[in-house]
Structure formats: C-alpha cells, structure tokens
Amino acid sequence: MVITRLNELDVSGIALDDSVPSDHSAIVFNLPFVSPGLPKKTIAYRQWKKLDRSSFKADIQSSSLCQTTNNSTSIAVEDYNRTLRDIVDRHAPLVTRTVILRPDTSWYTEEIKREKQKRRQLERKWRRTGSNVDRQIFQSQRALVNNLIVKAKCDEYKSRIANATSSKDLFKITNSLLHKKKVSTLPSHESESELADLFIEYFTDKIVVIRDSLETSSAAENITESQRIFEGTRLCELIPATEAEVIKIIRSSPTKSCGLDPIPTWLLKECLDVLAPVVTEIVNLSLTHSEVPPKLKHALISPLIKKLLLDPDVFKNYRPVSNLPYISKLIERIVAVRLVKHLNDNGLYENNQSAYRELHSTETALLRVQNDIQQIVDADGAAILVLLDLSAAFDTIDHVRLLHILEYSNGVTGSALEWFRSYLSQRSQSVIINESESASIELKWGVPQGSVLGPILFTIYTSSLGDLIRKHNIYFHLYADDTQLYLSFKFRNNLTGDNAIKVMEACLADIKQWMSENLLKLNDSKTEFMLITTRHQKNMHKDVNIKIGDSDIKPSSSARNLGVIFDSTFNQDLHVNNICKKAYCQIRAIGRIRKYLDRPSVEKLVNSLVTVHLDYCNSLLYGLSSELMQRLQKVQNTAARLILRLRKYDHITAALRDLHWLPVRRRIEFKLLLTVFKVTQGLAPCYISELLTMYQPSRTLRSQNHVSFCVPLTRMASFGDRSFAKVAPILWNALPGNVRDCNSVPAFKRRLKTHLFDGLH
Numbered sequence: 008m009v010i011t012r013l014n015e016l017d018v019s020g021i022a023l024d025d026s027v028p029s030d031h032s033a034i035v036f037n038l039p040f041v042s043p044g045l046p047k048k049t050i051a052y053r054q055w056k057k058l059d060r061s062s063f064k065a066d067i068q069s070s071s072l073c074q075t076t077n078n079s080t081s082i083a084v085e086d087y088n089r090t091l092r093d094i095v096d097r098h099a100p101l102v103t104r105t106v107i108l109r110p111d112t113s114w115y116t117e118e119i120k121r122e123k124q125k126r127r128q129l130e131r132k133w134r135r136t137g138s139n140v141d142r143q144i145f146q147s148q149r150a151l152v153n154n155l156i157v158k159a160k161c162d163e164y165k166s167r168i169a170n171a172t173s174s175k176d177l178f179k180i181t182n183s184l185l186h187k188k189k190v191s192t193l194p195s196h197e198s199e200s201e202l203a204d205l206f207i208e209y210f211t212d213k214i215v216v217i218r219d220s221l222e223t224s225s226a227a228e229n230i231t232e233s234q235r236i237f238e239g240t241r242l243c244e245l246i247p248a249t250e251a252e253v254i255k256i257i258r259s260s261p262t263k264s265c266g267l268d269p270i271p272t273w274l275l276k277e278c279l280d281v282l283a284p285v286v287t288e289i290v291n292l293s294l295t296h297s298e299v300p301p302k303l304k305h306a307l308i309s310p311l312i313k314k315l316l317l318d319p320d321v322f323k324n325y326r327p328v329s330n331l332p333y334i335s336k337l338i339e340r341i342v343a344v345r346l347v348k349h350l351n352d353n354g355l356y357e358n359n360q361s362a363y364r365e366l367h368s369t370e371t372a373l374l375r376v377q378n379d380i381q382q383i384v385d386a387d388g389a390a391i392l393v394l395l396d397l398s399a400a401f402d403t404i405d406h407v408r409l410l411h412i413l414e415y416s417n418g419v420t421g422s423a424l425e426w427f428r429s430y431l432s433q434r435s436q437s438v439i440i441n442e443s444e445s446a447s448i449e450l451k452w453g454v455p456q457g458s459v460l461g462p463i464l465f466t467i468y469t470s471s472l473g474d475l476i477r478k479h480n481i482y483f484h485l486y487a488d489d490t491q492l493y494l495s496f497k498f499r500n501n502l503t504g505d506n507a508i509k510v511m512e513a514c515l516a517d518i519k520q521w522m523s524e525n526l527l528k529l530n531d532s533k534t535e536f537m538l539i540t541t542r543h544q545k546n547m548h549k550d551v552n553i554k555i556g557d558s559d560i561k562p563s564s565s566a567r568n569l570g571v572i573f574d575s576t577f578n579q580d581l582h583v584n585n586i587c588k589k590a591y592c593q594i595r596a597i598g599r600i601r602k603y604l605d606r607p608s609v610e611k612l613v614n615s616l617v618t619v620h621l622d623y624c625n626s627l628l629y630g631l632s633s634e635l636m637q638r639l640q641k642v643q644n645t646a647a648r649l650i651l652r653l654r655k656y657d658h659i660t661a662a663l664r665d666l667h668w669l670p671v672r673r674r675i676e677f678k679l680l681l682t683v684f685k686v687t688q689g690l691a692p693c694y695i696s697e698l699l700t701m702y703q704p705s706r707t708l709r710s711q712n713h714v715s716f717c718v719p720l721t722r723m724a725s726f727g728d729r730s731f732a733k734v735a736p737i738l739w740n741a742l743p744g745n746v747r748d749c750n751s752v753p754a755f756k757r758r759l760k761t762h763l764f765d766g767l768h
C-alpha cells in the first residue's frame with residue numbers, strides 16, 4: 008500500500024526482487040516524484056538600516072509639521088500622519104521582494120563554508136585511497152569544522168540573548184534557537200479577507216447577544232443606590248503636559264508599534280529632539296479642546312487563540328487583541344496620570360481592588376485572600392470560596408452609565424468629563440490578518456482592551472460592587488474582572504453551615520442583579536465554588552451546592568486563582584506540580600542548546616524562563632511540607648547544574664553560593680520579609696498593612712527603637728500557623744536590628760540577602 012497526498016500516482020516498473028534469500032520478496036517500482044523546493048514568500052519591508060538619521064531629522068524640521076501651529080486636534084493628527092509618512096516614503100520606501108524561507112543559519116560564515124568544502128575533498132581522498140594517514144587528516148579537518156560551527160553558534164546566540172530586552176524576546180529567541188515552528192492558529196480558510204470579515208462579525212455579534220440577554224429596564228441616566236455620591240475636590244480640567252513630561256513618558260513606555268503609526272516607535276524615540284514639540288502640541292490640543300480624533304480611536308484586532316490545545320476552527324476559542332496608534336496611547340498615559348492622582352487624592356479606589364494600581368499586584372491580593380481563609384479555617388473549621396467569572400467584561404460596559412459614574416461618584420466634571428465623552432464615542436475597530444483587513448465596525452459599548460485607560464475605567468465602573476458585597480458581611484477581593492468571595496463555614500453546627508450557604512447565595516443573587524443593571528454578564532456555569540477545610544474533614548458535606556441564577560454549582564477540589572492553584576485543603580500539592588512541570592519544560596529546552604551558550608547567556612535564560620516560575624507568588628508557599636519543598640528545591644538544583652555544567656550527583660551547596668542563589672525556602676522568607684519592610688515604609692497595600700500590629704512595650708527596653716510586630720495566637724499548624732499575619736511577625740522580629748533599620752528597599756534587599764546567606768552555615 009502506498010499512502011500519499013497526491014490524487015493520482017503513475018506507478019511503473021513493478022518487479023519482485025528475489026536477490027535476498029528470504030521467505031519475503033521485495034516489491035520494487037518507480038514513482039514520478041520530484042523533491043519539493045524550499046517555500047517562497049513575498050514580503051514588504053523598509054530598509055531602516057540604510058536610513059540617514061541626520062537627513063531624516065532635517066526633513067522633519069523643514070516640513071510644515073514643525074513650521075505651523077494647529078488649532079484642531081484632528082487637523083494636527085492628520086498633518087502628523089501625512090507628513091511623516093511622506094518623509095518615510097522618501098527616505099525608506101516600501102520594498103517588496105520574494106524570498107526563500109530557509110532555516111535560520113545566520114551563524115554560517117564564509118570561513119565555515121570553505122572549511123566544509125576542504126573537509127569534503129579530504130573525505131573523498133580518504134575514501135579513494137583508504138590510507139590511515141588520509142583518514143587522520145580528514146578527521147582533523149572534521150574536528151576543525153565542528154569547532155568552527157560551535158564557536159559561530161555560541162557567538163550568534165550570545166549576541167541575540169544579550170540584546171533581548173524582555174522575557175517575551177527571550178521566549179522568541181529560545182524558540183528560534185530550538186527551531187520551534189510557529190503553529191498556525193487560524194481557522195482553515197481560502198481567503199484571508201473573508202476570514203477577517205467573519206472574525207469581526209463574530210466579535211461584534213457576541214457582544215450584541217450578551218447585551219440583548221441582560222436586563223435593561225433601569226434607565227442608564229439614574230445612579231443606582233449602591234453608587235456613592237462624590238464629596239471632595241473635583242477634576243474639572245486636564246492640565247496640559249510639559250515637553251519634559253511627554254519625553255519622559257515616551258522614553259519609559261514600551262517600544263511597540265501599530266500598523267496605523269506613520270513611523271515605528273523606536274524611530275520616534277530616536278527623533279524626540281525634533282518631534283517632541285510636535286507630539287506635545289497634539290497632546291495638549293486634545294486635553295484643552297476635550298477632543299480625541301476618530302483616527303486615534305480606531306483599533307486593529309488580531310485574533311489570538313486562548314489555548315493552543317483548543318480547536319482552531321471554532322471562533323469562540325479566540326480572544327480579540329486590540330492594537331491602537333501610539334499617539335493615542337501616549338495621550339491616554341498622560342490622562343491616566345491625572346486621573347489616578349485624582350482617585351488617590353480623594354480615596355476613590357476600592358480598598359480591596361488590586362488591579363492596575365501602584366504597589367498592588369496579584370501576589371499581594373492572593374496573600375490577603377489566603378491569609379483570611381487560613382485564619383477562618385483556623386477559627387471556624389471551614390471556609391467557602393467563590394470565584395466569579397464574567398463574559399466579555401470590558402466589551403459590554405455602557406458608555407452613558409460610565410460617564411455618569413465618573414461625574415457623580417468620582418467628581419470628573421467640566422472639560423475633563425467632555426474629554427472622556429469624546430474618548431468613548433465614535434470608536435471603531437477592524438480585524439487584520441496578515442495584510443488583509445476587515446471592514447471597520449463602530450464600537451457602541453465597552454472600553455478598549457489594548458488601551459491604557461480602559462482597565463482603569465473598568466475598575467471605576469465596578470467600584471460600587473464592593474459596597475454591595477459588604478452589606479452581606481462577606482469577605483471579598485477584586486482584581487479587574489476577577490471577583491473572589493469567601494466566608495466562614497462551621498461543620499459542627501449544621502444550622503450555621505446552612506446559614507453560610509444562604510448568605511452566600513443571597514450575596515450572589517444581588518451581585519447578579521447588580522451585574523445585569525450595569526450591563527455586565529455573570530457567567531454562572533464557569534463560576535467556581537470551593538469548600539476549604541482540613542484534610543480530616545474534606546469528605547464532609549460533599550453534597551453542599553450553591554445556587555447562582557438557574558445553575559447549581561458543586562464544590563471543586565481545586566481552582567486556578569490569578570495564576571495560583573488553590574486546593575480544598577490548602578496543601579498546595581497541585582500548585583507545586585504545576586510549577587515543577589513548567590520549570591522542567593523550560594530547563595529541558597535550554598539544555599538542548601546549552602553547548603552553544605556561555606554561562607552569562609544561560610543564566611539570563613534560566614532567570615527569565617525558569618526562576619520566574621519558582622518566584623511567582625512564592626510568599627504563599629511558606630509552611631509547605633518538606634516533601635513539596637524538596638521538589639521545588641530539586642528544580643532549582645537542576646537549573647544550577649545546567650548553568651555550571653555539573654553532573655547529577657555533584658554537591659549543590661557550593662554551586663548555589665557560586666550563583667548567589669538563596670535556596671527555595673530562604674527565597675520564600677526573603678519575599679515575606681520584603682513585604683513586611685514595605686509595610687513599615689508605607690509601600691504596601693493597606694489591606695496588607697492592617698494584618699500587622701505594631702508592638703508597643705509596656706516599659707522602656709533597649710530594643711524599643713527597632714520596629715517589632717505582635718504575634719497572634721493560632722490553633723492549627725497547617726492553617727493558622729502558615730498565615731501571613733502569624734508568619735510575618737515571627738520572621739521580622741527575628742531579624743537583627745541592622746537589617747530592620749534600613750531606610751530604602753535596595754539597601755534592605757542587600758542586607759537581608761547577606762543575612763539569609765550567613766544563616767545557611
């Protein structure tokens with residue numbers, strides 16, 4: 008049987024080969040098969056390397072862009088885009104050519120080519136003569152070629168890794184070095200333009216269906232009872248930006264570009280000395296005239312599959328990733344500075360909201376949630392945890408309602424409010440696939456996900472949710488569209504347990520109603536519910552369910568919460584498994600190219616791709632069992648051996664000290680103590696600071712000048728003794744005074760790491 012992708016095969020010359028004595032005969036035949044050549048692709052590019060920077064800047068300075076003053080933001084943006092495109096087309100015109108897609112062999116040099124040719128000649132001579140002398144000469148030449156290739160690859164890989172500026176770049180470089188091909192994750196299609204139209208239609212219809220399914224009986228103009236009335240200093244206008252502020256923000260922002268930008272962002276940064284006044288003028292025209300031009304409100308959408316294992320032909324498995332013009336995001340960054348300052352000065356942030364806030368992170372949010380649950384179980388025996396899921400949360404926000412919340416609950420009025428009105432109105436988007444772009448669709452609802460202000464506006468839109476939950480006396484924490492609810496559950500008293508379920512269901516009913524009134528969709532079926540207790544009681548109350556809308560949610564044994572896997576007994580076995588799986592996957596990948604890398608390059612790869620898994624939210628891992636801690640330590644040991652080229656059973660303590668790595672247990676203590684130090688310096692969220700109580704001695708002591716904390720009483724080693732409120736004071740009070748008395752974070756890190764290293768002896 009011949010299996011092939013061709014429809015027809017012209018098989019000829021069929022014969023039996025009986026030359027080999029056997030009871031099986033070989034069938035010999037001819038196939039008209041031609042080896043396919045390397046694939047080709049037509050690309051369009053600009054020759055940026057040949058760009059004359061001086062001449063380019065001179066043309067910008069002599070253009071109308073720097074000579075005229077505009078009174079309209081739209082005209083200024085139009086002039087900016089048109090002029091820069093014309094200058095770019097003159098200096099770096101778009102060039103198209105067809106290239107052969109060859110394997111990445113940028114390390115291949117002319118010297119290697121010559122030595123390989125010489126090697127082939129020597130091999131032929133040896134094959135012809137059979138002389139031992141010729142064989143030795145050939146082997147020497149072969150070793151020389153191999154060494155040249157290894158050295159060339161080392162130099163190439165070292166250069167590429169050294170030039171990487173982020174973990175994302177390192178991922179791309181590692182994949183290219185490992186020759187991992189990018190798997191196509193788009194649905195099968197005949198025309199890219201038709202596929203782009205199908206995607207934009209699907210993304211638009213999805214939001215329309217969600218909006219139609221929500222309750223819309225309440226008027227959007229009315230403020231619900233759960234929203235507070237603003238009392239404080241109002242934000243009436245957006246202060247214009249200085250040229251120095253614009254330059255600082257541009258230089259500190261990521262170097263990302265959009266297909267709608269007239270020049271790439273890296274070139275804009277290089278030409279800031281001539282373009283900074285122009286860009287500042289555009290920014291200030293937008294702020295003073297309360298106008299965001301439509302050209303800055305159009306987003307290019309790229310469909311991104313949610314997980315590689317999902318079916319690429321199903322549209323619901325894709326999420327829309329927005330890309331906006333750079334000038335648009337620059338204006339947003341400047342407005343965000345003023346808006347965030349207004350929110351902080353007036354205390355308008357929800358205390359238990361951690362997303363998109365300075366000094367707040369997923370780790371601080373989870374540290375507080377885990378601490379509360381551990382103390383609840385320590386006191387009452389069990390806790391209920393509910394993780395809510397929203398459908399397309401950012402895309403269904405009602406603009407009229409958001410503007411009213413900004414005005415009445417957050418004190419944004421006057422020209423500042425008009426700027427936000429212009430920012431939200433007449434937005435549009437289109438899907439782009441390679442070079443094909445779909446029709447443009449107007450966005451009637453939602454905030455742009457690829458924007459700077461979008462996430463901040465979402466937290467403002469949902470800030471009143473916290474007041475609603477407090478009415479039910481339920482603990483909660485918000486992180487963007489992720490909402491966590493938890494409360495105590497007593498096993499010994501069935502009536503108390505039933506009451507806890509009823510309280511939670513009543514709260515969920517009110518949340519669902521609030522979501523419906525605010526045109527947000529709570530996804531009942533994807534909401535997760537956990538009953539957290541000790542391992543001795545985990546089999547009790549398996550039949551406990553929570554009702555949300557028309558869905559009965561059964562308790563899960565584990566759930567992923569902001570990247571950390573929570574389980575029903577908090578032993579964190581599943582989370583440790585996940586860490587080890589991800590870390591070993593990256594270690595194996597780096598090991599495949601280890602011989603081509605020097606030590607600094609390997610260290611950079613390991614720190615970016617392996618250590619990051621060990622350190623993410625590792626403050627939650629204090630008190631792990633010795634077995635789980637040893638598994639994490641083995642990951643670190645394997646990474647150290649990879650860097651230092653050690654064998655499996657070589658002693659590891661000296662290796663960790665050589666790399667200046669703290670063992671995993673000490674790294675966890677380091678993170679916890681750093682969090683406590685930030686509390687003493689006012690650099691931690693208030694919900695973390697309130698977990699610690701300053702110790703006030705009743706009489707004068709020599710140690711009274713050192714900050715100490717009270718240690719609360721707990722009952723269970725597996726819960727209360729592992730909580731941050733108990734662990735942090737114990738670790739902090741044990742530190743020597745010279746470490747605790749630091750006045751800056753860098754100095755504290757240095758002294759703390761030295762202290763922890765000294766404690767290893």
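Going by our numbering, the sequence shown opens with residue 8, and the numbers climb by one from there. Backbone N, C-alpha and C define an ideal beta-carbon position, used for all residues, glycine too.
| Check | Outcome |
| --- | --- |
| Member of Asn417, Ile289, Arg127 and Arg97 whose CA lies at the smallest distance from the CA of Leu355 | Asn417 |
| Alpha-carbon to alpha-carbon, Leu515 and Ala226 | Unreliable positioning characterises Ala226 in this predicted model, as indicated by a pLDDT of 40, which lies under 50. The coordinate reading is nonetheless provided below. If I take the Cα positions, the gap works out to 23 Å. |
| Span of the beta strand (DSSP E), counted from its first residue to its last, around Ile440 | Arg434 to Ile440 |
| Three-way DSSP call (helix, strand, coil) for Asn750 in this model | coil |
| Collapsed DSSP secondary structure at Glu250 in the structure displayed | helix |
| Neighbour-count burial assignment, Trp452, 16 or more Cβ in a 10 Å radius | buried |
| Alpha-carbon spacing of Ala306 relative to Arg408, whole angstroms | 23 Å |
| Through-space distance from Asn644 to Leu763, alpha-carbon basis | 18 Å |
| Exposed unless 16 or more other CB atoms sit within 10 angstroms - verdict on Asp320 | exposed |
| Residues sharing a beta bridge with Pro327, DSSP | Pro310 |
| Distance between Pro247 and Glu414 (C-alpha atoms, nearest Å) | 21 Å |
| Reduced DSSP secondary structure (H/G/I, E/B, other) of Val102 | strand |
| Nearest neighbour of Thr618, chosen from Pro670, Val286, Gln456 and Ala390 [CA to CA] | Pro670 |
| CB contact below 9 Å: Leu274 versus chain C | Protein chain content of the structure displayed is limited to a single chain, and chain C is not contained in it. |
| Three-state secondary structure assigned by DSSP to Phe465 | helix |
| Spatially closest choice to His543 from Asn568, Trp426 and Val384, by CA coordinates | Val384 |
| Buried or exposed (CB count within 10 angstroms, at least 16 for buried), Gln579 | buried |
| Anticipated Cβ contact below 8 Å, Val84 with Ile289, distance rounded | 6 Å |
| Where Gln377 falls, given that 16 or more other Cβ within 10 Å makes a residue buried | buried |
| Distance cut-off 8 Å: Glu634 Cβ against heavy atoms of the ligand SAM | The ligand SAM is not among the ligands present in this structure, which contains no ligands whatsoever. |
| Val286, enclosing alpha helix (DSSP H) - first and last residue | Leu279 to His296 |
| According to DSSP, residues forming a beta bridge with His484 | Gln491 |
| Reduced DSSP secondary structure (H/G/I, E/B, other) of Ile107 | strand |
| 9 Å Cβ cutoff met for Leu666 and Ile650 | yes |
| DSSP beta-bridge partners of Phe536 | Val393 |
| Within 9 Å, strictly: CB atoms of Val253 and Thr287 | yes |
| Contact belief for Val106 with Lys47 at Cβ below 8 Å, rounded distance in angstroms | 7 Å |
| Where the beta strand (DSSP E) through Ile555 begins and ends | Ile553 to Ile555 |
| Distance between Trp133 and Ile21 (C-alpha atoms, nearest Å) | 38 Å |
| Residue burial classification, Pro310 (beta-carbon count within 10 angstroms, cutoff 16) | buried |
| Span of the alpha helix (DSSP H) around Leu202 | Glu199 to Ser220 |
| Ile439 versus Ala203: straight-line alpha-carbon distance, rounded | 6 Å |
| N-terminal and C-terminal residue of the alpha helix (DSSP H) that Ser19 is part of | First-last for Ser19: Ser19 to Asp24, but that is the beta strand (DSSP E), not the alpha helix (DSSP H). |
| Local Cβ density within 10 Å of Asp17, reported as buried at 16 or more and exposed below that | exposed |
| Between the CA atoms of Ala446 and Leu635 - distance to the nearest angstrom | 54 Å |
| Range of the contiguous beta strand (DSSP E) that encloses Asp531 | Per DSSP, Asp531 belongs to no beta strand (DSSP E) and is neither H nor E. |
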